[in-house]
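As C-alpha coordinates, the structure follows; a few thoughts come after it.
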Amino acid sequence: MNLNPIQLFDPQSFTFTYILNAPGSSDAVIIDPVDVHWERDLLHLQRLNLKLAYVLETHAHADHITSAGKLREMTGARAAVPGGCGISQADVQLKDGDIINFGDGEEITVLHTPGHTVGSVSYVWRGNVFTGDTLLINGCGRTDFQGGSAESLYDSISKLYTRLDEDTRVWPGHDYKGQSVSTIGWEKQHNARLSGRDRDAFVHLMNELHLPKPKMIDVAVPANRNLGIPHGV
3 MNLNPIQLFD PQSFTFTYIL NAPGSSDAVI IDPVDVHWER DLLHLQRLNL
53 KLAYVLETHA HADHITSAGK LREMTGARAA VPGGCGISQA DVQLKDGDII
103 NFGDGEEITV LHTPGHTVGS VSYVWRGNVF TGDTLLINGC GRTDFQGGSA
153 ESLYDSISKL YTRLDEDTRV WPGHDYKGQS VSTIGWEKQH NARLSGRDRD
203 AFVHLMNELH LPKPKMIDVA VPANRNLGIP HGV
(Lines of atoms letter the chains of each structure in order from A and count residues from 1; the text may use other names and numbers.)
(Lines give C-alpha, C1' and ligand atoms only; values in the text may rest on other atoms or scores of the structure.)
Protein backbone atom coordinates (compact mmCIF):
# COMPACT_ATOMS: atom_id res chain seq x y z
CA MET A 1 0.00 0.00 0.00
CA ASN A 2 1.33 3.42 -0.97
CA LEU A 3 0.19 6.13 1.41
CA ASN A 4 0.99 9.68 0.45
CA PRO A 5 2.63 11.95 3.02
CA ILE A 6 1.70 15.58 3.51
CA GLN A 7 4.28 17.51 1.49
CA LEU A 8 5.03 21.12 2.46
CA PHE A 9 7.38 23.56 0.74
CA ASP A 10 9.69 26.42 1.67
CA PRO A 11 10.09 28.68 -1.41
CA GLN A 12 13.24 30.37 -0.11
CA SER A 13 15.39 27.26 0.28
CA PHE A 14 13.28 25.04 -2.02
CA THR A 15 13.03 22.58 0.86
CA PHE A 16 10.33 19.94 1.24
CA THR A 17 9.02 19.05 4.69
CA TYR A 18 6.93 15.92 5.19
CA ILE A 19 4.31 14.91 7.72
CA LEU A 20 3.59 11.17 7.96
CA ASN A 21 0.52 9.66 9.56
CA ALA A 22 -1.12 6.27 9.11
CA PRO A 23 -4.86 5.53 9.30
CA GLY A 24 -6.05 4.50 12.71
CA SER A 25 -3.45 6.47 14.65
CA SER A 26 -3.11 10.04 15.87
CA ASP A 27 0.70 9.81 16.00
CA ALA A 28 2.66 11.66 13.33
CA VAL A 29 6.25 12.15 12.25
CA ILE A 30 7.75 15.22 10.57
CA ILE A 31 10.83 15.10 8.34
CA ASP A 32 13.16 18.07 7.69
CA PRO A 33 11.13 20.95 9.14
CA VAL A 34 12.22 24.55 8.47
CA ASP A 35 12.53 27.15 11.23
CA VAL A 36 10.36 29.84 9.63
CA HIS A 37 7.46 27.40 9.22
CA TRP A 38 7.11 25.87 12.66
CA GLU A 39 3.75 27.58 13.23
CA ARG A 40 2.46 26.42 9.84
CA ASP A 41 3.49 22.86 10.62
CA LEU A 42 1.86 22.88 14.04
CA LEU A 43 -1.37 24.16 12.49
CA HIS A 44 -1.38 21.24 10.05
CA LEU A 45 -1.01 18.84 12.96
CA GLN A 46 -3.77 20.57 14.94
CA ARG A 47 -6.23 20.60 12.02
CA LEU A 48 -5.76 16.88 11.55
CA ASN A 49 -5.83 16.13 15.28
CA LEU A 50 -2.35 14.63 15.13
CA LYS A 51 0.23 14.30 17.88
CA LEU A 52 3.88 14.65 16.87
CA ALA A 53 5.90 11.64 17.98
CA TYR A 54 9.19 12.25 16.16
CA VAL A 55 11.06 15.00 14.37
CA LEU A 56 13.45 13.43 11.84
CA GLU A 57 16.38 15.00 10.02
CA THR A 58 17.96 13.52 6.89
CA HIS A 59 21.23 15.42 7.56
CA ALA A 60 22.60 18.69 8.98
CA HIS A 61 21.35 21.10 6.33
CA ALA A 62 23.47 23.86 4.84
CA ASP A 63 20.75 25.99 3.23
CA HIS A 64 18.16 26.45 5.98
CA ILE A 65 17.79 26.18 9.74
CA THR A 66 15.68 23.40 11.20
CA SER A 67 12.80 23.88 13.60
CA ALA A 68 13.44 20.48 15.21
CA GLY A 69 14.32 21.94 18.60
CA LYS A 70 11.34 24.29 18.58
CA LEU A 71 8.91 21.54 17.59
CA ARG A 72 10.33 19.25 20.29
CA GLU A 73 9.81 22.00 22.85
CA MET A 74 6.25 22.71 21.70
CA THR A 75 5.04 19.12 21.32
CA GLY A 76 7.20 16.82 23.43
CA ALA A 77 8.23 14.89 20.31
CA ARG A 78 11.61 13.13 20.19
CA ALA A 79 14.27 14.40 17.81
CA ALA A 80 15.93 11.56 15.86
CA VAL A 81 18.90 12.32 13.62
CA PRO A 82 21.62 10.57 11.61
CA GLY A 83 24.36 9.45 13.96
CA GLY A 84 27.14 10.71 11.72
CA CYS A 85 26.03 14.35 11.50
CA GLY A 86 27.24 15.69 14.84
CA ILE A 87 23.77 16.72 16.02
CA SER A 88 24.50 16.06 19.66
CA GLN A 89 21.35 17.61 21.16
CA ALA A 90 19.02 15.02 19.59
CA ASP A 91 17.23 12.36 21.61
CA VAL A 92 18.08 9.52 19.22
CA GLN A 93 21.19 8.95 17.09
CA LEU A 94 20.21 6.75 14.13
CA LYS A 95 22.26 4.19 12.24
CA ASP A 96 21.73 2.05 9.15
CA GLY A 97 18.94 -0.49 9.62
CA ASP A 98 17.33 1.16 12.63
CA ILE A 99 13.54 1.03 12.87
CA ILE A 100 11.54 4.02 14.12
CA ASN A 101 8.22 2.88 15.60
CA PHE A 102 5.23 5.17 15.94
CA GLY A 103 1.46 4.93 16.04
CA ASP A 104 -0.22 1.54 15.79
CA GLY A 105 2.56 -0.65 14.45
CA GLU A 106 4.00 1.86 11.98
CA GLU A 107 7.67 1.40 11.10
CA ILE A 108 10.16 3.71 9.36
CA THR A 109 13.39 2.04 8.25
CA VAL A 110 16.60 4.06 8.34
CA LEU A 111 19.08 3.66 5.46
CA HIS A 112 22.49 5.28 5.81
CA THR A 113 23.02 6.98 2.44
CA PRO A 114 26.22 9.06 2.73
CA GLY A 115 27.65 11.15 -0.07
CA HIS A 116 25.92 14.51 0.12
CA THR A 117 27.19 14.57 3.70
CA VAL A 118 29.01 11.83 5.56
CA GLY A 119 26.03 11.16 7.81
CA SER A 120 23.08 11.50 5.43
CA VAL A 121 20.21 9.02 5.76
CA SER A 122 17.03 8.15 3.87
CA TYR A 123 13.78 7.00 5.46
CA VAL A 124 11.61 4.19 4.05
CA TRP A 125 7.93 3.97 4.99
CA ARG A 126 4.99 2.18 3.34
CA GLY A 127 6.33 2.15 -0.22
CA ASN A 128 7.80 5.64 0.09
CA VAL A 129 11.41 6.78 0.50
CA PHE A 130 12.38 10.21 1.81
CA THR A 131 15.82 10.82 0.37
CA GLY A 132 16.84 14.24 1.68
CA ASP A 133 19.60 15.54 -0.59
CA THR A 134 20.83 12.08 -1.58
CA LEU A 135 18.52 11.44 -4.54
CA LEU A 136 16.60 14.34 -6.07
CA ILE A 137 14.13 14.23 -8.93
CA ASN A 138 16.31 13.95 -12.04
CA GLY A 139 19.36 14.88 -9.99
CA CYS A 140 21.24 14.42 -6.72
CA GLY A 141 22.82 16.42 -3.94
CA ARG A 142 26.24 18.04 -4.21
CA THR A 143 29.23 16.34 -2.61
CA ASP A 144 31.76 19.08 -1.91
CA PHE A 145 31.30 19.83 1.83
CA GLN A 146 30.52 18.20 5.23
CA GLY A 147 32.47 15.06 4.41
CA GLY A 148 30.72 14.67 1.08
CA SER A 149 31.96 12.11 -1.42
CA ALA A 150 30.88 11.50 -5.00
CA GLU A 151 32.01 7.88 -4.67
CA SER A 152 29.87 7.40 -1.56
CA LEU A 153 26.89 9.13 -3.15
CA TYR A 154 27.03 6.84 -6.19
CA ASP A 155 27.13 3.82 -3.88
CA SER A 156 24.26 5.18 -1.77
CA ILE A 157 21.99 5.77 -4.74
CA SER A 158 22.89 2.34 -6.08
CA LYS A 159 21.85 0.98 -2.67
CA LEU A 160 18.45 2.65 -3.01
CA TYR A 161 18.06 1.31 -6.55
CA THR A 162 18.83 -2.27 -5.55
CA ARG A 163 17.06 -2.45 -2.18
CA LEU A 164 13.80 -0.72 -3.07
CA ASP A 165 11.06 -1.77 -5.47
CA GLU A 166 10.85 0.25 -8.68
CA ASP A 167 7.39 1.58 -7.77
CA THR A 168 8.69 3.00 -4.47
CA ARG A 169 7.83 6.68 -4.46
CA VAL A 170 10.78 9.05 -4.11
CA TRP A 171 10.12 12.15 -2.01
CA PRO A 172 13.19 14.44 -2.22
CA GLY A 173 14.47 17.01 0.25
CA HIS A 174 14.51 19.72 -2.40
CA ASP A 175 13.22 20.56 -5.84
CA TYR A 176 13.98 23.62 -7.95
CA LYS A 177 11.72 22.95 -10.96
CA GLY A 178 8.22 22.54 -9.56
CA GLN A 179 8.38 18.75 -9.29
CA SER A 180 7.14 16.94 -6.20
CA VAL A 181 7.53 13.15 -6.41
CA SER A 182 9.16 10.46 -8.54
CA THR A 183 9.75 6.70 -8.37
CA ILE A 184 12.82 4.55 -8.04
CA GLY A 185 12.08 3.02 -11.44
CA TRP A 186 11.89 6.40 -13.18
CA GLU A 187 15.10 7.63 -11.59
CA LYS A 188 16.93 4.45 -12.59
CA GLN A 189 16.04 5.05 -16.22
CA HIS A 190 16.08 8.83 -16.53
CA ASN A 191 18.06 10.58 -13.78
CA ALA A 192 20.30 13.06 -15.62
CA ARG A 193 23.19 12.72 -13.16
CA LEU A 194 23.29 8.92 -13.03
CA SER A 195 21.52 7.21 -15.91
CA GLY A 196 24.05 5.78 -18.36
CA ARG A 197 27.04 6.66 -16.16
CA ASP A 198 29.25 4.22 -14.33
CA ARG A 199 30.82 5.12 -10.98
CA ASP A 200 33.96 6.72 -12.48
CA ALA A 201 31.96 8.86 -14.91
CA PHE A 202 29.63 10.01 -12.13
CA VAL A 203 32.53 10.93 -9.87
CA HIS A 204 34.16 12.91 -12.69
CA LEU A 205 30.89 14.77 -13.35
CA MET A 206 30.37 15.66 -9.70
CA ASN A 207 33.96 16.79 -9.22
CA GLU A 208 33.64 19.17 -12.17
CA LEU A 209 30.48 20.96 -11.00
CA HIS A 210 32.28 23.77 -9.11
CA LEU A 211 29.09 25.02 -7.47
CA PRO A 212 29.00 28.24 -5.44
CA LYS A 213 29.12 27.92 -1.66
CA PRO A 214 25.64 27.81 -0.08
CA LYS A 215 24.85 31.26 1.26
CA MET A 216 23.71 30.07 4.68
CA ILE A 217 26.21 27.27 5.30
CA ASP A 218 28.27 29.09 7.94
CA VAL A 219 25.13 29.87 9.95
CA ALA A 220 22.91 26.90 9.12
CA VAL A 221 25.25 23.99 9.82
CA PRO A 222 26.23 25.06 13.37
CA ALA A 223 22.59 25.89 14.14
CA ASN A 224 21.35 22.59 12.78
CA ARG A 225 23.89 20.66 14.83
CA ASN A 226 22.08 22.22 17.80
CA LEU A 227 18.59 21.35 16.42
CA GLY A 228 18.11 24.96 15.37
CA ILE A 229 18.21 26.16 18.98
CA PRO A 230 20.33 29.31 19.50
CA HIS A 231 23.40 28.51 21.57
CA GLY A 232 23.00 29.50 25.17
CA VAL A 233 19.25 28.95 25.20
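First residue of the sequence shown: 3, per my numbering; consecutive thereafter.
No residue lacks a Cβ here, since even glycine has one placed at the ideal position from N, Cα and C.
By the 16-neighbour rule on beta-carbons within 10 angstroms, Gln14 is exposed.
DSSP, reduced to helix, strand and coil, places Asp157 within a helical segment of the structure shown. Distance from the CA atom of Thr17 to the CA atom of His176, rounded to whole angstroms, is 5 Å. In the structure shown, Glu109 falls within a strand segment according to DSSP collapsed to helix, strand and coil. Under DSSP, the beta-bridge partners assigned to Ala30 are Leu54. Assignment of Gln9 by DSSP, reduced to helix, strand and coil, places it in the strand class.
Secondary structure at His118: coil, using DSSP grouped into helix, strand and coil. Distance from the CA of Ala79 to the CA of Ala203, rounded to the nearest whole angstrom, comes to 43 Å. Listed in chain order, the non-local C-beta contacts of Thr133 below 8 Å within the same chain comprise Thr60, Thr115, Ser124, Leu162, Val172, Trp173, Pro174 and Gly175, local neighbours out to five positions each way being set aside.
The three-state reading of DSSP puts His39 in helix, counting H, G and I together.
Taking all protein chains shown into account, Ser158 has 16 or more neighbouring C-beta atoms within 10 Å of its C-beta and is therefore buried. Look at Asn103 here: in three-state DSSP terms it is strand. Judged by DSSP secondary structure, Val183 falls outside any alpha helix (DSSP H); it is assigned neither H nor E. Boundaries of the beta strand (DSSP E) harbouring Ile21: Thr17 to Leu22, taken from the DSSP string. Sequence-distant Cβ neighbours of Leu137 in its own chain, meaning closer than 7 Å and more than five residues away, are Ile159, Leu162, Val172, Pro174 and Glu189.
In its chain, beyond the 5 residues on either side, Gly105 and Glu108 have a beta carbon closer than 6 Å to the beta carbon of Ala24.
Residue range Arg201 to Asn209 is occupied by the alpha helix (DSSP H) that includes Asn209. If you draw a 10 Å sphere on the C-beta of Gly198, you find fewer than 16 other C-beta atoms in it, and that means exposed.
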